[in-house]
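Below: the structure, in structure tokens.
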Amino acid sequence: MRYTYRGDRFTDPRLKGMQCDPVRRPDGKCIRSKRATMLVTDGGTYYVILARQLRINPLKTNRDERQDN
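Residue 63 in my numbering sits at position 18 of the sequence shown; the count goes up by one each step and never skips.
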């Protein structure tokens, strides 16, 4: 599952729109704190960001793939 980081007015503009993946625990759950932050990675760097600013990327369904062809 991929997320898009929206950010807010205090966020570095380079991070807005960043595509990231959640870092998972051994049992498969995402690492999320009680203070509404989440640990994510962009493939090399780890970030602790506000989970409220993350949006799940929409998944393509089989129906959408048929319409593309």
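Virtual Cβ for every residue (Gly too), placed ideally from N, Cα, C. These numbers come from a predicted model, not from an experiment.
Residue from the options with nearest C-alpha to residue i
i, options, result
"residue 97", "77, 103, 89 and 91", "77"
"residue 54", "47, 62 and 81", "62"
"residue 118", "80, 90, 66 and 71", "Nothing can be reported for residue 118, as the shown portion of the chain is limited to 46 through 114."
Residue i (DSSP reduced to helix, strand or coil)
i, result
"residue 54", "coil"
"residue 77", "strand"
"residue 96", "helix"
Chain D within 7 Å of residue i, Cβ atoms only
i, result
"residue 84", "Absence of chain D from the displayed structure is noted, only one protein chain being present."
Contact check, residue i vs residue j, beta carbons under 7 Å
i, j, result
"residue 68", "residue 86", "yes"
"residue 64", "residue 51", "no"
Cβ distance (whole Å) where residue i is taken to contact residue j below 8 Å
i, j, result
"residue 104", "residue 93", "Their Cβ separation, rounded to whole angstroms, is 26 Å, which puts residue 104 and residue 93 out of contact at 8 Å."
"residue 60", "residue 81", "Incorrect: roughly 18 Å between the Cβ atoms, too far for contact."
Residue(s) in a DSSP beta bridge with residue i
i, result
"residue 66", "86"
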